[in-house]
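The block underneath contains the structure these notes are about, expressed in structure tokens.
Protein chains in written order, with the working numbering: chain G, 40 to 352; chain Y, 2 to 272.
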């Protein structure tokens, strides 16, 4: 916002205190403007905020979704923490999944942004290609990768066998040790192009003179990256990492369509666990409790990220 | 030198990695299942539309397509209308309540949709909104309002007040200001939000999964999961369904790449 605009807004906000016809006009307009927000407010409050709040109430009850919910205090909460191996397993999965996705997606999107920074025709074409998966549905992506990962006849294992790497031809979506990583790989494949575009926009803001000066000083490409690109791109990195984190927490569609969290919950993250607890096990109250923990977990993570990134500047 | 080789290698590898799955699906939809399994990347021996014919005759795909279209169109248009109206109001309110409203809406951004599903499911059962397309529209609108209002109110606040004031001088009332001044100016932002909403609504699985069980009301992503069960491991049929589900977005992407990229990125970054 320019200074004159800021001034104009300041002027506007001081207007209601004045008496006289203009003051009254501003006040009555406020009412009209407020009315404009009412339809959105009603829909949002009734169909989004209200269910989020009732969720909180169910978290304190035992409830199968059919009979009356029974209030049981903090039992669900203590139970997840003290007597639920699945919950801890899935929490661990979620941390691993988010960690893998954030590290690889951030690094790769930065790398490809640097590679495709210049607006040449070839770069623009490759950007279009890399961005392409972003427009697909998670379900479609899941189906394709189920085929590629198919253990016996799937192209990946056929390829690995043909070049003699038989020992790498794993049961990608059917093994408790590897499935979560295979899904994380798909998630990175799915969204790296989108974050690359964010990085390109950020890197194009870096003044060209900085690179010229570095070149005069005889800096190598790596030194240029270390002393110009990386520090100048830190705000963009913060955005990319924050968004990728949230995105990884929301990977419900992909994981549900690809593995349903299996085998044996080994590829489940918190959002899929919540769904499965409620709609496969009919433990609605307990699922509501898990979703409270998810919210707490996200809030803590966001706070940590904010703090880390703030101290950097 | 090392950089150049590394760059060429990296770009080629990632291009291949993106292209292979895409080609496998496109080519596979024109092949028989055996041919897909044995030669996933070869051109079809004979380009056959049999899979498409079978899919159209055997299943609900035309119906799923219709459901997805109805739900997406109504959700996007309704969200755009009520969120632009609200964003304009919020941006113009002088009183502190404007800020409070914005905060209330943006609170919804921090919470993943899946955390409210139990409450949403229960509410929609109580209101008899499960297994209805309008129920799906309602939850789509409610859940996309935060991001839309966040983006649009930021835009409306950037419009210099003088523009509104000169129109107000001519006697324009608030709603008139919205319709004749703010809306025309906001066309690029509205376009970006529209594309973002289009893609996420068309592709969404969670809400249809939660609210729809009747097969004649299923949207494409939800139906795809059924097809996988139905055709077991007949991947060429599954890929044909994937093609049908993806074509609208692919055509739009190819036709307006720039708006797609900026729309989806704006939605992502600001969300």
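For every residue, glycine included, the Cβ atom is placed at its ideal position computed from N, Cα and C.
Looking at the structure shown, is residue 216(Y) part of a helix, part of a strand, or coil, going by DSSP?
-> Stepping through the second chain from its first residue, residue 216(Y) is reached at position 215. Note: residue 216(Y) maps to helix in three-state DSSP.
Helix, strand or coil for residue 215(G), going by three-state DSSP, please let me know.
-> In the first chain, counting from the first residue as 1, residue 215(G) sits at position 176. Here residue 215(G) sits in coil by DSSP.
Grab me the residues of residue 32(Y)'s own chain with a C-beta within less than 6 angstroms of its C-beta, minus the 5 sequence neighbours each way, in chain order.
-> In the second chain, the residue the question calls residue 32(Y) occupies position 31. Counting only Cβ-Cβ distances below 6 angstroms, and skipping sequence neighbours, we find 45 and 237.
Among 244(G), 116(G), 79(G) and 133(G), which has the Cα closest to the Cα of residue 97(G)?
-> On the first chain, position 58 is the one that residue 97(G) refers to. Closest by alpha carbon: 116(G).
Assign residue 101(G) to one of three DSSP states: helix, strand, or coil.
-> Translated into the one-based positions of the first chain, residue 101(G) becomes position 62. It is a strand residue.
Nearest-angstrom Cα distance between residue 63(G) and residue 69(G)?
-> Here residue 63(G) is taken as the residue at index 24 of the first chain, counted from 1. Here residue 69(G) is taken as the residue at index 30 of the first chain, counted from 1. Low confidence applies to residue 63(G): its pLDDT is 46, below 50, so where it sits in the model is not reliable, and the reading given next is rough at best. One C-alpha to the other measures close to 10 angstroms.
In or out: residue 342(G) buried (at least 16 other Cβ within 10 Å) or exposed?
-> The sequence position of residue 342(G) within the first chain is 303, counting from 1. So residue 342(G) counts as exposed.
Delimiting residues of the alpha helix (DSSP H) encompassing residue 251(G) = In the first chain, residue 251(G) corresponds to position 212, counting from 1. Here the alpha helix (DSSP H) through residue 251(G) covers 247 to 255.
Counting only beta-carbon atoms, is residue 68(G) nearer than 7 angstroms to chain Y?
-> The residue you call residue 68(G) lines up with position 29 of the first chain. Interface annotation, residue 68(G): in contact with chain Y, CB-CB separation under 7 angstroms.
Beta-carbon proximity list for residue 213(G), same chain, < 7 angstroms, skipping 5 on both sides | Residue 213(G) sits at position 174 when you count from the first residue of the first chain. Closer than 7 angstroms at the Cβ level, and outside the excluded window around residue 213(G), lie 190 and 302.
Buried or exposed (CB count within 10 angstroms, at least 16 for buried), residue 203(G) | Taking the first chain and counting its residues from 1, one reaches residue 203(G) at position 164. Exposed is the call here.
Option nearest residue 94(G) by Cα separation, candidates 80(Y), 3(Y), 165(Y) and 118(Y) = Locating residue 94(G) in the first chain gives position 55, counting from the first residue. In terms of CA proximity to residue 94(G), 118(Y) leads the group 80(Y), 3(Y), 165(Y) and 118(Y).
Rounded separation between residue 72(G) and residue 218(G) - CA only | Position 33 of the first chain, counting from 1, holds the residue named residue 72(G). Position 179 of the first chain, counting from 1, holds the residue named residue 218(G). Roughly 52 angstroms separates the two Cα atoms.
DSSP three-state assignment for residue 174(Y), whether helix, strand or coil = The count along the second chain starts at 1 and reaches residue 174(Y) at position 173. In the structure shown, residue 174(Y) sits in coil (DSSP, three-state: anything other than H, G, I, E or B).
Using 7 angstroms as the limit for Cβ to Cβ distance, is residue 260(Y) near chain G?
-> Within the second chain, the letter at position 259 stands for residue 260(Y). It does not; no Cβ of chain G falls within 7 angstroms.
Please confirm if residue 243(Y) has its CB atom under 7 angstroms from at least one CB of chain G.
-> Taking the first residue of the second chain as 1, we reach residue 243(Y) at position 242. It does; some Cβ of chain G falls within 7 angstroms.
Pairwise C-alpha distance: residue 206(Y) and residue 266(G) = Position 227 of the first chain, counted from the first residue, corresponds to residue 266(G). Position 205 of the second chain, counted from the first residue, corresponds to residue 206(Y). Pairing residue 266(G) with residue 206(Y), the inter-Cα distance amounts to about 44 angstroms.
Beta-carbon neighbours of residue 323(G), restricted to chain Y and to distances below 9 angstroms | Against the first chain, residue 323(G) aligns to sequence position 284. Within chain Y, 119, 122 and 123 have C-beta atoms less than 9 angstroms from the C-beta of residue 323(G), given in sequence order.
Hey, is residue 236(Y)'s beta-carbon within less than 7 angstroms of any beta-carbon in chain G?
-> Here residue 236(Y) refers to the residue found at position 235 of the second chain. Residue 236(Y) counts as touching chain G.
Put residue 113(G) into one of helix, strand or coil per three-state DSSP.
-> By 1-based counting over the first chain, the position of residue 113(G) is 74. Annotated three-state conformation of residue 113(G) is coil, per DSSP.
At a Cβ cut of 7 angstroms, what residues of the region 120 to 154 of chain Y count as close to chain G, listed as they run along the chain?
-> Cβ contacts with chain G: 120, 121, 123, 124, 139, 140, 142, 143, 144, 146 and 150.
Residue closest to residue 331(G), alpha-carbon to alpha-carbon, out of 91(Y), 120(Y) and 124(Y) = Taking the first residue of the first chain as position 1, residue 331(G) is located at position 292. That would be 120(Y), whose Cα lies nearest to the Cα of residue 331(G).
Distance, Cα to Cα, residue 211(G) vs residue 186(G)?
-> Here residue 211(G) refers to the residue found at position 172 when the first chain is read from its first residue. Here residue 186(G) refers to the residue found at position 147 when the first chain is read from its first residue. A direct Cα-to-Cα measurement between residue 211(G) and residue 186(G) gives close to 11 angstroms.
Looking at the structure shown, is residue 135(Y) part of a helix, part of a strand, or coil, going by DSSP?
-> The residue you call residue 135(Y) lines up with position 134 of the second chain. Of the three classes helix, strand and coil, the one that applies to residue 135(Y) here is helix, per DSSP.
Own chain residues within Cβ distance below 8 angstroms of residue 53(G), not counting five before or after = Working through the first chain from its first residue, we reach residue 53(G) at position 14. Note on residue 53(G): pLDDT 41, under 50, position unreliable in the model; the coordinate value appears next. None.
Using a cut-off of 8 angstroms between C-beta atoms, extract the partners of residue 273(Y) located in chain G.
-> Lying outside 2 to 272, the shown extent of chain Y, residue 273(Y) is not represented and no answer is given.
Are the beta-carbon atoms of residue 113(Y) and residue 345(G) separated by less than 7 angstroms?
-> Here residue 113(Y) refers to the residue found at position 112 of the second chain. Here residue 345(G) refers to the residue found at position 306 of the first chain. With contacts defined as CB atoms closer than 7 angstroms, residue 113(Y) and residue 345(G) fail to qualify as a contacting pair.
DSSP state of residue 322(G), grouped into three classes?
-> Along the first chain, read from residue 1 onward, the residue named residue 322(G) stands at position 283. Looking at residue 322(G) - three-state DSSP - the assignment turns out to be coil, as it is neither helix nor strand.
Near residue 276(G), what residues of its chain come up, given a Cβ to Cβ distance below 6 angstroms and the 5 sequence neighbours on each side ignored?
-> Residue 276(G) sits at position 237 when you count from the first residue of the first chain. Cβ neighbours of residue 276(G) beyond the five flanking positions: none.
Please decide whether residue 26(Y) counts as near chain G, where near means a Cβ-Cβ distance under 7 angstroms.
-> In the second chain, the residue the question calls residue 26(Y) occupies position 25. Residue 26(Y) counts as touching chain G.
According to DSSP, is residue 159(G) helix, strand or coil?
-> The residue you call residue 159(G) lines up with position 120 of the first chain. Coil, per DSSP.
Which residues of chain Y have a Cβ atom closer than 7 angstroms to the Cβ of residue 26(G), listed in chain order?
-> The structure shown has nothing for residue 26(G), since chain G only spans 40 to 352.
Assign residue 4(Y) to one of two classes, buried (16 or more other C-beta atoms within 10 Å of its C-beta) or exposed (fewer than that).
-> Indexing the second chain from 1 puts residue 4(Y) at position 3. Exposed, since its Cβ has fewer than 16 Cβ neighbours within 10 Å.
Would a C-beta distance cut-off of 7 angstroms place residue 241(G) and residue 272(G) closer than the cut-off?
-> Within the first chain, numbered from 1, the residue matching residue 241(G) stands at position 202. Within the first chain, numbered from 1, the residue matching residue 272(G) stands at position 233. Against a cut-off of 7 angstroms, the Cβ pair of residue 272(G) and residue 241(G) comes out as a contact.
Alpha helix (DSSP H) containing residue 100(Y): first to last residue?
-> Translated into the one-based positions of the second chain, residue 100(Y) becomes position 99. 98 to 108 is the extent of the alpha helix (DSSP H) around residue 100(Y).
Straight-line CA distance for residue 111(Y) to residue 52(Y)?
-> Along the second chain, read from residue 1 onward, the residue named residue 111(Y) stands at position 110. Along the second chain, read from residue 1 onward, the residue named residue 52(Y) stands at position 51. Whole-angstrom Cα-Cα distance: 43 angstroms.
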